[in-house]
Amino acid sequence: MAAIKQAHAERQLDDRWLEWEGDSEVTAAVRLDTLQVEGRFYTFLPMAVASPFSGHLNAPFYAKLDRRDVTRSRSLNRLFLDAGARACACGAGACAAGKLRTRGGGDRPDQLARLRGNRAASSSLRGSRDTAARRAAPARRVGELSRG
């Protein structure tokens with residue numbers, strides 16, 4: 300909730316966001332059998348925003364109703380993009396270690412792997428001493444996902 304309050308104070312979010320309750324979840328989905336995927340951003344529904352990696356990223360991004368773009372400069376969206384970068388970095392590490400669980404629990408490479416970021420509770424990164432390092436490392440490994 301701290302990130303929402305901060306974004307509201309900076310006039311990046313309207314009053315309705317102050318009614319948010321609970322955690323938000325950031326997920327990524329990637330194909331395991333091909334690198335040729337035209338990925339998309341989702342905010343519950345597909346957006347007109349291409350993903351910068353071969354997969355899909357879903358988060359409760361702040362976007363206009365037409366969902367044509369994600370404003371990466373908004374602090375709340377940056378928080379979700381950072382969580383997405385961490386999900387992808389963790390997924391890549393799990394895949395390299397042979398520990399990636401696919402949807403349905405099978406080992407078939409044609410299944411979608413669903414990678415969960417940490418629950419992107421709005422206070423999850425605020426106030427942490429190692430925030431910059433935690434944000435920078437996964438983003439570098441995932442093709443600068445959060446810089447778009």
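For the sequence shown, the residue numbers in this note's numbering are 300 to 447.
We put the CB at the ideal spot given by N, CA and C, even for glycine.
Predicted model, so just to flag it, every value in this text is computed and none were measured.
{"query": "Based on the DSSP output, what are the partners of Phe340 in its beta bridges?", "result": "Leu356"}
{"query": "Can you tell me whether Ala362 is helix, strand or coil according to DSSP?", "result": "coil"}
{"query": "Taking only the alpha-carbon atoms, compute the straight-line gap between Val348 and Arg373 and give it to the nearest angstrom.", "result": "16 Å"}
{"query": "With a 10 Å radius around its C-beta and 16 neighbouring C-beta atoms as the bar for buried, classify Arg377 as buried or exposed.", "result": "buried"}
{"query": "For Ala436, which three-state DSSP category applies?", "result": "Its pLDDT being 46, under 50, Ala436 is placed unreliably by the model, and the measurement read from it follows with that caveat. Helix."}
{"query": "Could you give the distance in angstroms between the alpha-carbon of Asp322 and the alpha-carbon of Ser350?", "result": "23 Å"}
{"query": "Which word fits Arg310, buried or exposed, when buried means at least 16 other C-beta atoms lie within 10 angstroms of its C-beta?", "result": "exposed"}
{"query": "What residues are listed by DSSP as bridge partners for Ala349?", "result": "Arg339"}
{"query": "What span of residues does the alpha helix (DSSP H) with Leu378 cover, start to end?", "result": "Ser374 to Ala395"}
{"query": "According to the neighbour-count rule (16 or more other Cβ atoms, all chains shown, within 10 Å of its Cβ), is Gly397 buried or exposed?", "result": "exposed"}
{"query": "With a 10 Å radius around its C-beta and 16 neighbouring C-beta atoms as the bar for buried, classify Ala301 as buried or exposed.", "result": "exposed"}
{"query": "From which residue to which residue does the alpha helix (DSSP H) around Lys304 run?", "result": "Ala301 to Ala308"}
{"query": "Suppose the cutoff is 6 Å on Cβ atoms and the five residues either side in sequence are ignored; what does the same chain contact list for Arg407 look like?", "result": "Note that Arg407 has pLDDT 48, beneath the 50 cutoff, so the model's placement of it is unreliable and the number below is only indicative. Same-chain partners within the cutoff: there are none."}
{"query": "Would you mind giving the Cβ-Cβ distance between His355 and Ala327, rounded to the nearest angstrom? I have them listed as a contact below 8 Å.", "result": "7 Å"}
{"query": "Distance check for Val329 and Pro345, CA to CA, integer angstroms please.", "result": "15 Å"}
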